[in-house]
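S.K.: Numbers given in our numbering equal positions in the sequence shown, counted from 1, plus 20.
We treat Cβ as the ideally placed atom computed from N, Cα and C, and that holds for glycine.
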Amino acid sequence: MRGNFDTPDPPKYLRASQLDGFQRSLVVTLRHLINGDVIAHADTLTTWTKGKRPRRPWFKSNPWDIGRDALFARDNLVRDFGVRLFYTLSLLAPCAPPKDTPIPARFPVTLPANAPAEGPSYFLGVFAPNSTKVTLHPAHHDVLAVHCPRLPSTIQASPPASEIPAHPLCLPDPQSYALLSQYMYTHRQDLLLASLLPPGSLPSNPFPTTAHLSSSPKTAEEIHSQLLVVAESLAKDFTQHKLLGGLSTVHGLWKNTVALGVDDDGLWEVIHAAWGVYLTAAGWTDSRLHLRKGELIPGYQ
């Protein structure tokens, strides 16, 4: 319930063309994708043409170009404080207010004396357009500020206190916000990929176990063969319905990333990798698609 949140209509950026793509239903199979036609998929997925992935938006005057100084600040924040700040958040788990209960303007926050970092700046009341369900997520403003240039201007920094404010945040896919939040704090590609794929489906994670920073090298081409192994395993163990459900989660993460303007190479590498794995596995489950072994759709680059 939105309660006493004074929530406006969804911001205009949520109506942008990048977010309109996945509103139609997907019919039959992935055949039209392989053939180069437009496909649609039930409930959450939408239209794609051959070889297209969840695209990373780029404009002539890119509002996401945060500059070297900001990248330096983001790297330092993640490297020196990210894990400790994220652990502090884990002491305040996300929660959903009871139905039909007004959401207070401020919430009391109590952290143990041995908490490794300062408490959150505020709670984000995350909700979807045309929905009354709100989930509260604690957040540190510094982390969001260096990652999310499209964060609504109404969400301002506030010092840690015994009571912190709650701010409404309309996102296209509230369910996947926790995944994006974890990445913004830790920059751990391996953890994000493991969260996007079914438990136990990664015999060995192709991404490093260290934080991805702006100076990190691009993922090696060898990851292609590892992702193919994962896709083949998923095709054997999961129905196409389950695989397309996983694809829906990846797409939800992509929508939130676009909405908030998170421009990070490591994040986009994982989104493209998970998308390719699920789409390829779903293709292999349908013999009519004639998908060649060793072919990853869309090609990981």
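Among Leu213, His292, Ser151 and Ser141, whose alpha-carbon lies nearest the alpha-carbon of Val163?
M.R.: Ser141
S.K.: Under the assumption that Pro136 contacts Thr108 (Cβ atoms under 8 Å), give the Cβ distance between them as a whole number of angstroms.
M.R.: The C-beta distance from Pro136 to Thr108 rounds to 6 Å, short enough to meet the 8 Å contact threshold.
S.K.: Mapping DSSP to helix, strand and coil, what is Pro185?
M.R.: strand
S.K.: Given a cut-off of 8 Å on the beta-carbon distance, is the pair Phe143 and Leu131 in contact?
M.R.: no
S.K.: Touch check for the region 123–130 and the region 206–225: three-plus C-beta pairs under 8 Å?
M.R.: no
S.K.: For His232, which residues from the same chain have a beta carbon less than 6 Å from its beta carbon, with the 5 sequence-adjacent residues on both sides left out?
M.R.: His207, Gln209 and Gly286
S.K.: Go to Arg104, then tell me how far its alpha helix (DSSP H) extends in each direction, as first and last residue.
M.R.: Val103 to Ser110
S.K.: From what residue to what residue does the alpha helix (DSSP H) around Thr300 run?
M.R.: Asp285 to Trp304
S.K.: What are the start and end residues of the beta strand (DSSP E) that includes Ala255?
M.R.: No beta strand (DSSP E) holds Ala255; the alpha helix (DSSP H) holding it covers Ile243 to Asp257.
S.K.: Kindly confirm or deny that the region 287–294 and the region 91–102 touch, where touching means at least three C-beta pairs closer than 8 Å.
M.R.: no
S.K.: Pull up the DSSP beta-bridge partners for His261, would you.
M.R.: In the DSSP output, where bridge partners are listed per residue, His261 has none listed.
S.K.: Count the other C-beta atoms from every protein chain shown that fall within 10 angstroms of the C-beta of Asp257, then say buried if there are 16 or more, exposed otherwise.
M.R.: With fewer than 16 Cβ atoms within 10 Å of its Cβ, Asp257 is classed as exposed.
S.K.: With a Cβ-Cβ cutoff of 8 Å, do Asn276 and Ser196 count as a contact?
M.R.: yes
S.K.: Can you say whether Asp283 is buried or exposed, counting buried as having 16 or more other CB atoms within 10 angstroms of its CB?
M.R.: buried
S.K.: With a 10 Å radius around its C-beta and 16 neighbouring C-beta atoms as the bar for buried, classify Gln176 as buried or exposed.
M.R.: exposed
S.K.: So what does DSSP say about Pro158, is it helix, strand or coil?
M.R.: Look at Pro158 here: in three-state DSSP terms it is strand.
S.K.: DSSP beta-bridge partners for Gly145?
M.R.: Leu156 and Pro188
S.K.: Does the Cβ-Cβ distance between Glu138 and Pro180 come in under 8 Å?
M.R.: yes
S.K.: At the level of alpha carbons, what is the spacing between Gly303 and Leu191?
M.R.: Pairing Gly303 with Leu191, the inter-Cα distance amounts to about 30 Å.
S.K.: What's the call for Asp89, buried or exposed, on a 16-neighbour Cβ count within 10 Å?
M.R.: exposed
S.K.: Phe127 by DSSP, collapsed to three states: which one?
M.R.: strand
S.K.: Return the first residue and the last residue of the alpha helix (DSSP H) that Leu222 is part of.
M.R.: Note, Leu222: premise wrong, no alpha helix (DSSP H); not H, not E.
S.K.: On the CB-based measure, 16 or more other CB atoms within 10 Å of its CB, does Asp63 come out buried or exposed?
M.R.: With a pLDDT of 31 at Asp63, under the threshold of 50, the predicted position of this residue should be treated as unreliable, though the coordinate-derived value follows. So Asp63 ends up on the exposed side.
S.K.: For a quick check, are the C-beta atoms of Leu91 and Ser236 less than 8 Å apart?
M.R.: Cβ atoms of Leu91 and Ser236: not closer than 8 Å.
S.K.: Applying the 10 Å Cβ sphere with the 16-neighbour rule, what's the burial state of Pro128?
M.R.: Exposed, since its Cβ has fewer than 16 Cβ neighbours within 10 Å.
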